[in-house]
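Undergrad: I have a structure here, written as structure tokens, and I will follow up with some questions on it.
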Amino acid sequence: MTENQIGTIVIEAAIAVHRALGPGLLETVYEVV
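Number 169 marks the last residue of the sequence shown (my numbering); no jumps.
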């Protein structure tokens, strides 16, 4: 797995959390995912 692939997975996960729970969450919420 390349760095670009890993980065894509991380960003997609963060966007999914943002869409599901909305904006304004603390950074720790994203760290848990």
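Beta carbons are placed, not taken as given, at the ideal position from N, Cα and C, and that holds for glycine.
Measure the C-alpha to C-alpha separation of residue 197 and residue 149 and round it to an integer number of angstroms.
TA: Residue coverage of the chain in this structure runs from 137 to 169, which leaves residue 197 outside it and unanswerable.
Undergrad: Along the alpha helix (DSSP H) that carries residue 162, what are the first and last residues, could you check?
TA: No alpha helix (DSSP H) holds residue 162; DSSP gives it neither H nor E.
Undergrad: Three-state secondary structure (DSSP) at residue 200?
TA: Outside the shown range of the chain, which is 137 to 169, sits residue 200, and nothing can be said about it.
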